[in-house]
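Visitor: Questions regarding the structure given below will be posed in turn.
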Ligand SMILES: Cc1cc2nc3c(=O)[nH]c(=O)nc-3n(C[C@H](O)[C@H](O)[C@H](O)COP(=O)(O)OP(=O)(O)OC[C@H]3O[C@@H](n4cnc5c(N)ncnc54)[C@H](O)[C@@H]3O)c2cc1C
């Protein structure tokens, strides 16, 4: 008999899981989203990816993502990975910690180049890192435009027979007498499933709480902005510029895309199942701050106007230890989760989608993600973390 799978959430993680299940011919696949696909953080992402992360599992998963983004450029109509490279900037204080990770990158076969300020200025004349800055360049990194990627992935899913039910919220999980998942309930009735994959991101704990599960996940507001087209497009890589408090990358039609962190802001608690990201706001002063901070790094910004209609505000999810939570939920056979991708869930999605598909189908995974297991957190530490109110600067710092 054909197996059936329900994916909760039609963001990049859910769509990627559905796509990989369909490609595997694993069975009938249904994606549920309370809104249209991409209605969560996915359509708001900057889409930057680097393979140079903090843990072996992260680096190996990103290596897979980077390979898959390139393959997806061939598999999906209307999507192309922008292989401009990703430049991670450091100052003296922050470089020491990162330098310790270089042996990990060597061991995992993740290429990089260490650059001085003058190296960077020579390679990208439109980039003016301050004297003493250190660049860790990832030649395989780059970015994706979410406005191309999300619809292209949804189209491909449908072509492969995935049913995407938009405007239909999951109300609760359906469990049998032994506690195994047997489907999902919506206002239209029960959708039976042999396996359910929960990719609800900011809404994850709301739904899982109904089955007595809680994960140590915090949610914070994040925002990014687009300029209008520059007269001369800036030829720069995607830049994770922690010493400048944000990031900048080129964007379609000769624009620049910039994001800024807001460390002093408190976490944002999602308390209603019908919460929508359009309820979020960002202080108007942030664009001025971005300009002040980033003009010395990218002087072309001085001539650029903001395209105010393109502002995007969304949420990021962080776990207690800063690493993603991906895997089966202990005690509920057939239930899998993918959440807490810090500011890198877009970058992770080809790998997490593949791995979640493999787990749900009962196949060995392409990357060993045991270190991302939901079971790594105890109940007491989870409750203590959830009870805290943190500021954004208190969550483990992770950029893309
Ligand atoms: C401004 C900004 C910039 C970012 N930049 C980057 C970046 O450069 N690189 C990067 O890798 N990441 C970036 N991110 C993070 C990235 O956007 C997220 O990690 C990623 O999109 C998460 O995808 P997801 O599919 O897991 O979640 P989401 O896209 O949030 O999808 C969850 C879905 O669940 C649906 N849903 C909720 N409740 C229910 C329910 N009960 N039933 C059915 N459906 C429901 C929602 O409608 C939503 O569509 C950024 C995020 C923001 C906000």
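Numbering (my numbering), first residue to last: 8 to 407.
The C-beta atom is built at its ideal place from N, Cα and C for all residues, glycine as well.
In this text, all values refer to a predicted model and were calculated from it rather than measured experimentally.
Give the secondary structure of residue 204 by DSSP, where H, G and I count as helix, E and B as strand, and everything else as coil.
Guide: In the structure shown, residue 204 sits in a strand (DSSP, three-state: E or B).
Visitor: So is residue 399 buried or exposed if we call it buried at 16+ other beta carbons inside 10 Å?
Guide: Label assigned to residue 399: buried.
Visitor: Go ahead and label residue 247 buried or exposed: buried means 16 or more other beta carbons lie within 10 angstroms of its beta carbon, across all protein chains shown.
Guide: The residue is buried, with at least 16 neighbouring Cβ atoms inside 10 Å.
Visitor: Distance, Cα to Cα, residue 42 vs residue 130?
Guide: The straight-line gap from Cα to Cα measures roughly 44 Å.
Visitor: Looking only at C-alpha atoms, which of 353, 389, 363 and 357 sits nearest to residue 52?
Guide: Residue 353 is the option with its Cα nearest to residue 52.
Visitor: Return the Cβ separation of residue 47 and residue 16 in integer angstroms, given the expectation that the two are a contact with Cβ distance under 8 Å.
Guide: At roughly 7 Å, the Cβ-Cβ gap stays under 8 Å, so residue 47 and residue 16 are in contact.
Visitor: For residue 7, write down the residues that DSSP places opposite it in a beta bridge.
Guide: Nothing about residue 7 can be reported from this structure: the residues present for the chain run from 8 to 407 only.
Visitor: Which residues bound the beta strand (DSSP E) around residue 225?
Guide: Residue 225 -> beta strand (DSSP E) spans 224-233.
Visitor: Which ranges does the beta strand (DSSP E) cover as unbroken runs of at least 3 residues, wholly within the region 229-290, from first to last along the chain?
Guide: Runs of the beta strand (DSSP E) inside the region 229-290: 245-248, 253-258 and 262-267.
Visitor: Assess, as a yes-or-no matter, whether the region 283-292 is touched by the region 302-317 under the definition of 3 or more beta carbon pairs within less than 8 Å.
Guide: Verdict: no, contact absent.
Visitor: Does DSSP put residue 112 in a helix, in a strand, or in coil?
Guide: Of the three classes helix, strand and coil, the one that applies to residue 112 here is helix, per DSSP.
Visitor: By Cβ distance below 8 Å, which residues in the same chain neighbour residue 163 in space, the five residues on each side in sequence not counted?
Guide: Hits under 8 Å: 26, 82, 83 and 84.
Visitor: Would you mind stating whether residue 58 and residue 143 have Cβ atoms separated by less than 8 Å?
Guide: No; because the gap between Cβ atoms is not below 8 Å, this pair is not in contact.
Visitor: Please tell me whether residue 67 and residue 374 are closer than 8 Å, where the distance is taken between their beta carbons.
Guide: Contact: yes.
Visitor: Assuming residue 78 and residue 115 are in contact, meaning their beta carbons sit under 8 Å apart, how far apart are those beta carbons, in whole angstroms?
Guide: Between residue 115 and residue 78 the Cβ distance is about 19 Å, and since that is not below 8 Å, they are no contact.
Visitor: Should residue 137 be labelled buried (16 or more other beta-carbon atoms within 10 Å of its own) or exposed?
Guide: The residue in question, residue 137, is exposed, as its Cβ has fewer than 16 Cβ neighbours within 10 Å.
Visitor: Give me the residue from 10, 252 and 366 with the minimum Cα distance to residue 405.
Guide: The shortest C-alpha separation from residue 405 is found at 252.
Visitor: Just to check, is the beta-carbon of residue 1 closer than 7 Å to a non-hydrogen atom of ligand 1?
Guide: Missing from the structure shown is residue 1; the chain here goes from 8 to 407 and no further.
Visitor: Can you name, in chain order, every residue of its own chain whose Cβ lies under 8 Å from the Cβ of residue 389, other than the five neighbours on each side?
Guide: These residues qualify, in order along the chain: 221, 222, 223 and 327.
Visitor: Excluding sequence positions up to five away, which residues of its chain have a Cβ less than 7 Å from the Cβ of residue 60?
Guide: Excluding sequence neighbours, residue 60 sits near 66 and 69.
Visitor: Just to confirm, does residue 208 get its C-beta within under 7 Å of one of the non-hydrogen atoms of ligand 1?
Guide: Result yes, Cβ under 7 Å from ligand 1.
Visitor: Have a look at 303, 158 and 189 and flag the residue whose alpha-carbon is nearest the alpha-carbon of residue 339.
Guide: Of 303, 158 and 189, the residue nearest in Cα terms is 189.
Visitor: Do residue 333 and residue 272 count as a contact pair if the criterion is CB distance below 8 Å?
Guide: No, Cβ-Cβ distance for residue 272 and residue 333 is not below 8 Å.
Visitor: Give the secondary structure of residue 313 by DSSP, where H, G and I count as helix, E and B as strand, and everything else as coil.
Guide: Residue 313: strand per DSSP, three-state reduction.
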